[in-house]
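Under UniProt numbering, the first residue of the sequence shown is numbered 1, with each subsequent residue one higher. Even for Gly, the Cβ is constructed at its ideal location relative to N, Cα and C. All values derive from a computational prediction rather than experimental measurement. Scroll down for the structure; my scribbles are underneath it.
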Amino acid sequence: MKILMVCLGNICRSPLAEGILQSKANKLGLPIHVDSAGTANYHVGEAPHRSSQLVAKQNGVDISHQQCRQFKKTDFEIFDKIYVMDSSNYADVKRIAGHYFNANKIDLILNELYPHENREVPDPWYGGLEDFKKVYKMLDDTCEVIIKKYQAAQQQQQ
């Protein structure tokens, strides 16, 4: 299973989501590969935001090795699921993907926790450390649901 997390700059929210979900999958020995990308190219090649790194580290997740990259239309061919952080990211991914777009593969990440409510993960970029902590908690809770759904689907296939 390959999952892509997407936000605007791939520096705050999506690196956290990638790190949290990959950490949970690794701890359970699940064959899930997680990556992240941004719809914009502002930070390509950079490490995640220092506050994202700090909050992740405080929770036992290391995202310092990640490098920001821009979403590309062929990501729809590579990934089984694409989670976006907000409706603006969704619209940007759809625009960038063009004919590669597949509505069955993409969703707002918080719809896993709050089905069909289209809640958004707020961008902590202009906030303080508390904002990053709130985003971490949202994403951690959501990634826990993603893992449980994956495990349930695997059990049904057996």
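Next on the checklist: Taking 8 Å as the threshold (C-beta atoms), are G38 and K73 in contact?
Outcome noted: Contact flag unset, no.
Item to check | Identity of the residue in S87, V44, Q155 nearest R119 by Cα | outcome: Minimum Cα-Cα distance from R119 among the listed residues S87, V44, Q155 corresponds to S87.
Item to check | Assigned secondary structure, S64 (DSSP; H/G/I helix, E/B strand, else coil) | outcome: In the structure shown, S64 falls within a coil segment according to DSSP collapsed to helix, strand and coil.
Item to check | DSSP bridge partner residues for K81 (one or two, in chain order) | outcome: In DSSP, K81 forms a bridge with I3.
Next on the checklist: Just verifying my parser: in three-state terms, what is the DSSP assignment at I11?
Outcome noted: Residue state, collapsed to three classes: coil.
Item to check | Between the CA atoms of A25 and I147 - distance to the nearest angstrom | outcome: Distance between the alpha carbons of I147 and A25: 7 Å.
Item to check | Proximal residues to I11 (C-beta, below 6 Å), its chain only, five neighbours per side dropped | outcome: A distance below 6 Å between beta-carbons, with the five flanking residues on each side excluded, links I11 to the following residues of its chain, in chain order: H43, P48, H49, C68.
Next on the checklist: Please classify N102 as buried or exposed, where buried requires at least 16 other C-beta atoms within 10 Å of its C-beta.
Outcome noted: Flag for N102 reads exposed.
Checklist entry - Quick one, which of Y90, K81, D141 has its alpha-carbon nearest H33's? => result Nearest C-alpha to H33 among Y90, K81, D141: K81.
Checklist entry - Is it buried or exposed for L28, if we count other Cβ within 10 angstroms and need 16 for buried? => result Counting the other CB atoms within 10 Å of its CB gives L28 a total below 16, which places it among the exposed residues.
Checklist entry - So V6 and V93 are in contact, right, with Cβ under 8 Å, and what is the actual spacing, rounded? => result Between V6 and V93 a beta carbon distance of about 6 Å is seen, short of the 8 Å cut, so the two are scored as contacting.
Checklist entry - Does DSSP classify T75 as helix, strand or coil? => result A small fix is needed here, since residue 75 is Asp in this sequence, not Thr. Helix.
Checklist entry - From M1 to E112, what does the alpha carbon distance come to, in whole angstroms? => result Approximately 16 Å, taken between the alpha carbons.
Checklist entry - If we ignore side chains and look at the alpha-carbon of each, how far apart do V135 and Q154 end up? => result Taking the CA atoms as reference points, V135 sits about 28 Å from Q154.
Checklist entry - To which residues of the same chain is E77 closer than 7 Å at the C-beta, ignoring the five residues directly before and after it? => result Excluding sequence neighbours, E77 sits near Y100.
Checklist entry - Are V84 and L54 touching if we call contact CB-CB under 8 Å? => result No. Outside cutoff.
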